[in-house]
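One structure is given below, encoded as structure tokens.
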Amino acid sequence: NQIREKCTPYMKVKEDEQERYLQFWTVNHYVKGSYDTRRDFELLDQEMVKVGTEKANRIFYLALPPTVFDTVTSNIKGCCMAKDGWTRVIIEKPFGRDSESSAKLSNHLSSLFKEEEMYRIDHYLGKEMVQNLMSLRFGNRIFGPTWNRD
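The letter at position 58 of the sequence shown is residue 58 when you use full-length UniProt numbering, and the numbering goes up by one with no holes.
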């Protein structure tokens with residue numbers, strides 16, 4: 001509840017979406033832990049099993065400092081992979097301090113996860129485009145029929 005209370009002032013929920021918004025919070029859980037403690041990842045896995053269903057998929061969104069990347073991804077692989085379902089790891093780029101450290105992290109990820117389990121999102125390159133989606137949609141008639149709710 002505390003997380004919901006902190007987030008709610010920043011959420012723009014339409015009146016007809018209020019019920020879905022409340023449902024969203026019923027399936028979200030916060031588990032406190034440290035980046036570098038395997039036991040905390042084991043507890044995270046236990047919590048996910050407890051609140052999940054028999055067949056559950058898992059998504060981990062990693063927007064992390066480079067110093068903890070190896071440890072976190074190793075602990076996800078070692079403790080938190082879906083038992084019956086798929087696991088996806090979303091990695092926010094750029095990661096690493098330079099091309100050498102980026103290559104090292106990329107090799108590390110490849111040793112842990114299959115390519116289809118990883119999604120790389122470029123935080124900086126996509127930011128401006130996402131911020132301008134409304135202008136793009138209404139400024140280009142070609143998108144009207146495709147992006148229309150009706």
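Built from N, CA and C at the ideal position, the CB exists for glycine as well.
Item	Value
Would you mind stating whether tyrosine 21 and valine 27 have Cβ atoms separated by less than 7 Å?	no
With DSSP run on the structure shown, which of helix, strand or coil describes leucine 64?	coil
So does the region 53-61 actually touch the region 4-19, counting three or more Cβ pairs closer than 8 Å?	no
Taking the alpha-carbon positions, what's the arginine 120 to aspartate 98 distance?	17 Å
Using the Cβ count rule (16 or more neighbours within 10 Å means buried), how would you classify phenylalanine 69?	buried
DSSP three-state label for threonine 53, please.	coil
Within 10 angstroms of the Cβ of isoleucine 3, are there 16 or more other Cβ atoms? Answer buried if so, exposed if not.	exposed
Mind reading off the beta-carbon distance from arginine 38 to cysteine 79? Whole number of angstroms is fine, and I expect it under 8 Å.	7 Å
When you compare each of Leu64, Ser111 and Asp84 to lysine 93 by their alpha carbons, which one comes out closest?	Leu64
Classify aspartate 36 as buried or exposed, calling it buried when 16 or more other Cβ atoms lie within 10 Å of its own Cβ.	exposed
Just reading off the alpha helix (DSSP H) that residue 153 is part of, what are its end residues?	The displayed coordinates of the chain run from 1 to 150. Any statement about residue 153 would go beyond what the structure contains.
According to DSSP, is aspartate 122 part of a helix, a strand, or is it coil?	strand
Could you compute how far the alpha carbon of glycine 85 sits from the alpha carbon of serine 110?	20 Å
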